[in-house]
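J.:
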Amino acid sequence: MTISTELLMAVLSMDAYNREYNSGIDGLNATKVGQASVIDRTAVGIGAPEYQAWQSAGFYALAYDCNGEIVIS
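Residues in the sequence shown are numbered from 316 upward in steps of one, following my numbering.
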């Protein structure tokens, strides 16, 4: 089944919101959402100090690889 780009972006946004600290749902640890693969923050050079600063500021984002295209949610 093919879904629209807009629907996929909405699903990835909800997925990102429900991961890591202050998540709305516990236990989301899958590395794929449909065809989108979660990119680990360490793979793009985000270390513990930056991550901690983001957490302290209440900021959170997640990167996905969608068939070679990088999406930030």
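C-beta atoms are modelled at their ideal positions from N, C-alpha and C, and glycine is treated no differently.
Apart from the five residues just before and just after residue 354, which ones in its own chain have a Cβ nearer than 6 angstroms to its Cβ?
T.: In the sequence shown, residue 354 corresponds to position 39, counting from 1. If we look at residue 354 and ignore the five residues flanking it on each side, its Cβ neighbours are 378, 380.
J.: Per DSSP, which residues does residue 384 bridge with? Please list them.
T.: In the sequence shown, residue 384 corresponds to position 69, counting from 1. In DSSP, residue 384 forms a bridge with 381.
J.: Rounding to the nearest angstrom, what Cα-Cα distance links residue 332 and residue 344 in this structure?
T.: Stepping through the sequence shown from its first residue, residue 332 is reached at position 17. Stepping through the sequence shown from its first residue, residue 344 is reached at position 29. Rounded to whole angstroms, residue 332 to residue 344 spans 13 angstroms at the Cα level.
J.: Is it right to say residue 388 is buried, meaning 16 or more other beta carbons lie within 10 angstroms of its own, or is it exposed?
T.: Along the sequence shown, read from residue 1 onward, the residue named residue 388 stands at position 73. The residue is buried, with at least 16 neighbouring Cβ atoms inside 10 Å.
J.: Anyone know if the C-beta pair for residue 348 and residue 322 falls short of 8 angstroms?
T.: To locate residue 348, count along the sequence shown from 1; it is residue 33. To locate residue 322, count along the sequence shown from 1; it is residue 7. No, the pair does not count as a contact, with Cβ atoms beyond the cut-off.
J.: Between which two residues does the alpha helix (DSSP H) holding residue 319 run?
T.: Here residue 319 is taken as the residue at index 4 of the sequence shown, counted from 1. Residue 319 -> no alpha helix (DSSP H), and no H or E assigned at all.
J.: Which residues mark the beginning and the end of the beta strand (DSSP E) in which residue 351 is found?
T.: Taking the sequence shown and counting its residues from 1, the one referred to as residue 351 is at position 36. From DSSP, the beta strand (DSSP E) with residue 351 extends over 351 to 354.
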